[in-house]
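Okay, structure first, notes after.
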Amino acid sequence: MKTTSAILALFLTQNANAFVPANSIVSSSALSAATSTSEATKGKVFNEDSVKYDTVVNAEPKFKVKEVDPSIVDPKKRVQTGRYLGREMSVSVPFLKRPTNLDGTHAGDVGFDPLGLSENLDMYTMMEAEVRHARLAMLAVVGWPLAELVGPNFMLHGPNHITPSVLNGFDPLSFIAVAAIFGGFGYFEYKTSLRRVDDTKIGKKHAEDMANVWKYGVPGDYNFDPLNFYSLFGDTADGRKAMRELEISHGRWAMAGITGFAALEALTGHQIVENNMFFEPNAILPAAALAYLSFGFFFEVKNTDQYLFQIEKTSEGEVRMERIQRELSAFTAEAGVSGGEAFSFLSNAAEIAADTAKDLKMKYDTLTDDYTKNVMSKNYDK
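Under our numbering, think of the first position of the sequence shown as 1, with each following residue one higher.
Printed below as a string of structure tokens:
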């Protein structure tokens with residue numbers, strides 16, 4: 001019995017810690033460690049000079065931030081994306097929301113897509129088709145009136161000699177010529193529709209310009225720039241984009257213009273150059289052009305989400321207006337002084353002229369009297 005009691009007591013002693021909270025165990029362990037350390041170091045003295053402190057701090061970061069290529073955000077190196085991302089409404093149609101894929105990245109993008117074509121069709125293909133039609137329209141809008149002004153009548157159509165077209169009709173000779181021209185354009189399009197554009201001189205520039213956008217380069221690139229007009233606004237990414245903006249803007253106006261030519265001639269049956277101020281000498285067109293340029297010199301038209309047509313004077317226009325007023329005031333002051341001197345000079349000249357005229361009249365009267373007396377004396381003194 002005593003033996004059994006002793007074994008049971010030993011077992012309970014060894015497993016007593018299983019019923020003790022963890023914090024108590026940690027504290028007990030820490031206390032035991034401290035007690036052991038105190039006992040181990042009892043009677044020993046530390047020398048402060050023998051303790052060495054490491055004061056060298058390794059400041060090198062564990063993770064390095066990758067440096068961003070500055071050319072990525074430089075508009076002269078690459079075309080920047082999302083010019084209109086901050087706009088909710090379309091730039092060209094302020095009462096419609098901006099189409100999702102038209103954010104102002106590409107040249108000519110003003111957020112005009114009322115049919116939602118940019119959501120469903122390939123952007124590159126549509127841009128390529130647009131720039132081709134734009135270039136053909138620019139050629140046609142010049143060639144149409146020139147054909148009626150200087151072209152031979154046998155190449156024109158009908159008694160009024162209008163330009164051959166789908167709406168106006170064709171004569172046999174003009175039909176053959178038009179078919180040959182469009183056949184040539186069609187063959188050119190067939191041969192270049194799937195061309196590679198990143199291995200030419202201009203194509204390599206476009207690949208770098210559009211690296212932030214996509215890998216397809218620029219639609220309409222045929223590596224054709226014999227007069228180096230493409231760098232007219234600068235041999236940079238934004239300079240080339242500005243030239244593309246100019247081209248597509250003119251091309252869109254040309255497409256609208258050639259459509260108007262064809263419709264107007266089909267409706268009236270008369271030449272587009274007939275009784276047209278653009279093709280006959282007149283003062284209306286120069287005056288209108290001067291008025292337009294003068295307006296843009298001082299004012300600008302702004303469209304907001306509330307109003308479509310707001311005329312405001314620009315800051316440059318105010319400066320120009322003040323400069324013109326100052327120059328006019330100075331000119332008026334100088335003209336006042338010069339005018340007084342001129343008036344005095346003219347007054348003296350008028351007096352001299354009047355005296356001279358009186359003297360000449362007196363001499364003329366004297367000569368007339370002498371001549372009369374001489375004639376009378378000869379006739380009546382016989």
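Glycine included, C-beta positions come from ideal geometry on N, C-alpha and C.
beta-carbon residue i near the ligand NAD non-hydrogen atom, thresh 7 Å
{"i": "residue 286", "result": "Ligands in the displayed structure: none, and consequently the ligand NAD is not present."}
Minimum C-alpha distance to residue i - residue among the options
{"i": "residue 254", "options": "187, 145, 231", "result": "145"}
{"i": "residue 133", "options": "106, 85, 250", "result": "250"}
{"i": "residue 208", "options": "238, 163, 226", "result": "238"}
{"i": "residue 221", "options": "83, 189, 118", "result": "189"}
{"i": "residue 170", "options": "293, 161, 157", "result": "157"}
{"i": "residue 80", "options": "152, 91, 242", "result": "242"}
{"i": "residue 206", "options": "262, 76, 180", "result": "76"}
{"i": "residue 105", "options": "213, 162, 114, 326", "result": "213"}
{"i": "residue 74", "options": "315, 350, 247, 211", "result": "211"}
{"i": "residue 246", "options": "131, 184, 355", "result": "131"}
{"i": "residue 136", "options": "117, 153, 191, 256", "result": "256"}
{"i": "residue 270", "options": "163, 294, 279, 84", "result": "163"}
{"i": "residue 276", "options": "149, 367, 168, 296", "result": "149"}
{"i": "residue 143", "options": "258, 227, 301", "result": "258"}
{"i": "residue 228", "options": "83, 365, 240", "result": "240"}
{"i": "residue 203", "options": "356, 325, 218", "result": "218"}
{"i": "residue 295", "options": "332, 321, 330", "result": "321"}
{"i": "residue 278", "options": "141, 84, 87, 201", "result": "141"}
{"i": "residue 301", "options": "312, 293, 291", "result": "312"}
{"i": "residue 261", "options": "103, 102, 364, 166", "result": "166"}
{"i": "residue 314", "options": "298, 201, 325, 103", "result": "298"}
{"i": "residue 78", "options": "117, 101, 215, 362", "result": "215"}
Where residue i sits in the DSSP three-state scheme
{"i": "residue 358", "result": "helix"}
{"i": "residue 119", "result": "helix"}
{"i": "residue 451", "result": "A question about residue 451 goes unanswered here, because the residues of the chain that appear run from 1 up to 382."}
{"i": "residue 299", "result": "strand"}
{"i": "residue 456", "result": "Lying outside 1 to 382, the shown extent of the chain, residue 456 is not represented and no answer is given."}
{"i": "residue 169", "result": "strand"}
{"i": "residue 326", "result": "helix"}
{"i": "residue 277", "result": "coil"}
{"i": "residue 2", "result": "Model confidence at residue 2 stands at a pLDDT of 46, short of 50, so the residue's coordinates are unreliable; what they give is reported in the following sentence. DSSP places residue 2 in helix when its eight states are reduced to three."}
{"i": "residue 283", "result": "coil"}
{"i": "residue 254", "result": "helix"}
{"i": "residue 81", "result": "coil"}
{"i": "residue 135", "result": "helix"}
{"i": "residue 331", "result": "helix"}
{"i": "residue 179", "result": "helix"}
{"i": "residue 426", "result": "Lying outside 1 to 382, the shown extent of the chain, residue 426 is not represented and no answer is given."}
{"i": "residue 368", "result": "helix"}
{"i": "residue 352", "result": "helix"}
{"i": "residue 345", "result": "helix"}
{"i": "residue 72", "result": "helix"}
{"i": "residue 102", "result": "coil"}
{"i": "residue 238", "result": "helix"}
{"i": "residue 114", "result": "coil"}
{"i": "residue 261", "result": "helix"}
{"i": "residue 143", "result": "helix"}
{"i": "residue 269", "result": "coil"}
Counterpart residues of residue i in DSSP-defined beta bridges
{"i": "residue 89", "result": "97"}
{"i": "residue 312", "result": "300"}
{"i": "residue 162", "result": "157"}
Q) Whole alpha helix (DSSP H) runs in the region 182 to 231 with 4 or more residues, listed along the chain? A) Counting whole runs of 4 or more residues, the region 182 to 231 contains the alpha helix (DSSP H) stretches 201 to 209.
Q: Determine contact between the region 185 to 204 and the region 217 to 234, defined as no fewer than three beta-carbon pairs at a distance below 8 Å.
A: A contact exists between the region 185 to 204 and the region 217 to 234.
Q.
Within 8 Å, do at least three Cβ pairs link the region 122 to 133 to the region 262 to 272?
A. No, the region 262 to 272 does not touch the region 122 to 133.
Q: Count the C-beta pairs between the region 284 to 293 and the region 147 to 161 that are closer than 8 Å, then say yes if the count reaches three, no if not.
A: The region 284 to 293 vs the region 147 to 161: no contact.
Q) Contact between the region 226 to 235 and the region 109 to 124: three or more CB pairs below 8 Å? A) Not touching, per the Cβ criterion.
Q) Taking contact to mean at least 3 C-beta pairs separated by less than 8 Å, is the region 109 to 122 in contact with the region 87 to 97? A) They touch, by the three-pair rule.
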